[in-house]
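Residue numbers (the numbering used here): 1477 to 1767.
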């Protein structure tokens, strides 16, 4: 009987859905316990959200639709289910592929009883219908920490979050990690200065955010028409440059005021400012990694 069960299991693996032996589960649970302990020391409250959300909410951004696993009832009448989907799209349910959508819904649903700023951590499984490969699964734990305010938030939270992340990861038995910090305000100012309008800004930022994943050439290929033309001369943009731009915005009052004033010629000034910050930071701008 036992031998037959082992043989059957070996013949029917499900790629991307890991199942740990007891020793592996002990390690996984240790990681979760360490992370939870660090988050709670810093005053974050743990929450769990439901596993499913309306499909209309999960696919609002469009590009994630191919990753969503749909939920359906085995004995449902196909015609009835199709009719319900057309008349009530919110009635179609899918498993959440990250924790952002369910957390946003959770805050809205409970805004009347939550105390703001609300500091939350969430360690929960998510599901993504993508091709499994090394380091990528279809079912896995995602770990989030966020601070949500009722209006504006003090800027010290932007410092607190990466410090907590560093403390949490340093407490785990893994190699040292490097945290890269960026500031979207700088990117927005830059793209506006080269002619990207407000109506296209979010889409351009979404594409450019993938530069480390798909490379400058593929990013440029995704930027169409005037967007590609306006930005083509600025690729590739190295992580070192992004880091220094953000650091200058956060730490240099003159840099910040110049950005906030949106002066004419901001792009040219920004390029000069990057070189200035690099020199003051001891960066070799002739190094191929910088280029």
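Yeah, the Cβ is synthetic: ideal placement off N, Cα and C, and Gly gets one too. All figures in this text were calculated on a predicted structure; none of them were measured in a lab.
Quick check on the burial criterion: 16 or more other C-beta atoms within 10 angstroms. Buried or exposed for residue 1644?
Here residue 1644 refers to the residue found at position 168 when the chain shown is read from its first residue. Counting Cβ neighbours within 10 Å, residue 1644 comes out buried, since at least 16 surround it.
Exercise. Could you tell me whether the stretch 1589 to 1597 touches the stretch 1620 to 1633, using the rule of 3 or more Cβ pairs below 8 Å?
Key: Here the stretch 1589 to 1597 makes contact with the stretch 1620 to 1633; the two share three or more CB pairs at distances below 8 Å.
If you draw a straight line from the C-alpha of residue 1739 to the C-alpha of residue 1694, how long is it?
-> Numbered from its first residue, the chain shown carries residue 1739 at position 263. Numbered from its first residue, the chain shown carries residue 1694 at position 218. Residue confidence for residue 1739 is low, a pLDDT of 48 falling below 50, so the modelled location carries little weight and cannot support an answer.
Within the stretch 1614 to 1696, ranges of the beta strand (DSSP E) (whole runs, at least 3 residues)
Fully enclosed beta strand (DSSP E) runs of 3 or longer: 1615 to 1624.
Taking just the CA atoms, how far does residue 1582 sit from residue 1689?
In the chain shown, the residue the question calls residue 1689 occupies position 213. In the chain shown, the residue the question calls residue 1582 occupies position 106. Using only the alpha carbons, I get a separation of about 30 Å.
Going by the CB atoms, is the gap between residue 1570 and residue 1516 shorter than 8 Å?
In the chain shown, residue 1516 corresponds to position 40, counting from 1. In the chain shown, residue 1570 corresponds to position 94, counting from 1. Taking C-beta atoms as the reference points, residue 1516 and residue 1570 fail to come closer than 8 Å.
Whether or not the stretch 1652 to 1672 and the stretch 1622 to 1642 are in contact is what I'm after, with contact meaning three or more pairs of Cβ atoms, one per stretch, closer than 8 Å; do they touch? Remark: three or more beta-carbon pairs, one from each stretch, lie closer than 8 Å, so the stretch 1622 to 1642 and the stretch 1652 to 1672 are flagged as touching.
Practice item. Can you check DSSP and say which residues form a bridge with residue 1599? Key: Along the chain shown, one-based indexing puts residue 1599 at 123. In DSSP, residue 1599 forms a bridge with 1619.
Taking just the CA atoms, how far does residue 1514 sit from residue 1647? Reading the chain shown from its first residue, position 171 is the one you call residue 1647. Reading the chain shown from its first residue, position 38 is the one you call residue 1514. The alpha-carbon atoms of residue 1647 and residue 1514 are separated by roughly 9 Å.
Tell me the residue span of the beta strand (DSSP E) that contains residue 1571.
Locating residue 1571 in the chain shown gives position 95, where the first residue counts as 1. It spans 1569 to 1571 - the beta strand (DSSP E) in which residue 1571 sits, taken as one unbroken run.
Pick helix, strand or coil for residue 1490, following the three-state DSSP scheme.
Here residue 1490 refers to the residue found at position 14 when the chain shown is read from its first residue. For residue 1490, the secondary structure class from DSSP, reduced to helix, strand or coil, is coil.
Would residue 1613 and residue 1498 be called neighbours here (beta carbons separated by less than 8 Å)?
Locating residue 1613 in the chain shown gives position 137, where the first residue counts as 1. Locating residue 1498 in the chain shown gives position 22, where the first residue counts as 1. No, the pair does not count as a contact, with Cβ atoms beyond the cut-off.
(Q) Looking at the secondary structure, which residues open and close the beta strand (DSSP E) in which residue 1529 lies? (A) Position 53 of the chain shown, counting from 1, holds the residue named residue 1529. Under the DSSP assignment, residue 1529 falls in the beta strand (DSSP E) whose first and last residues are 1528 to 1530.
Can you tell me where the alpha helix (DSSP H) holding residue 1513 begins and where it ends? The residue given as residue 1513 occupies position 37 in the chain shown. It spans 1498 to 1517 - the alpha helix (DSSP H) in which residue 1513 sits, taken as one unbroken run.
Going by the CB atoms, is the gap between residue 1667 and residue 1657 shorter than 8 Å? Numbered from its first residue, the chain shown carries residue 1657 at position 181. Numbered from its first residue, the chain shown carries residue 1667 at position 191. No, these two residues do not count as a Cβ contact at 8 Å.
What are the boundary residues of the alpha helix (DSSP H) that residue 1576 is part of? Walking along the chain shown from the start, residue 1576 turns up at place 100. Counting along the chain, the unbroken alpha helix (DSSP H) around residue 1576 starts and ends at 1576 to 1585.
| task | With DSSP as the reference, please indicate the residues paired to residue 1594 in a beta bridge. | result | Numbered from 1 along the chain shown, position 118 holds the residue referred to as residue 1594. According to DSSP, residue 1594 bridges with 1624.
* Option nearest residue 1587 by Cα separation, candidates 1626, 1568, 1489 -> As a working note, residue 1587 is residue 111 in the chain shown. Taking the Cα of residue 1587 as reference, the smallest distance to any Cα among 1626, 1568, 1489 is reached at 1626.
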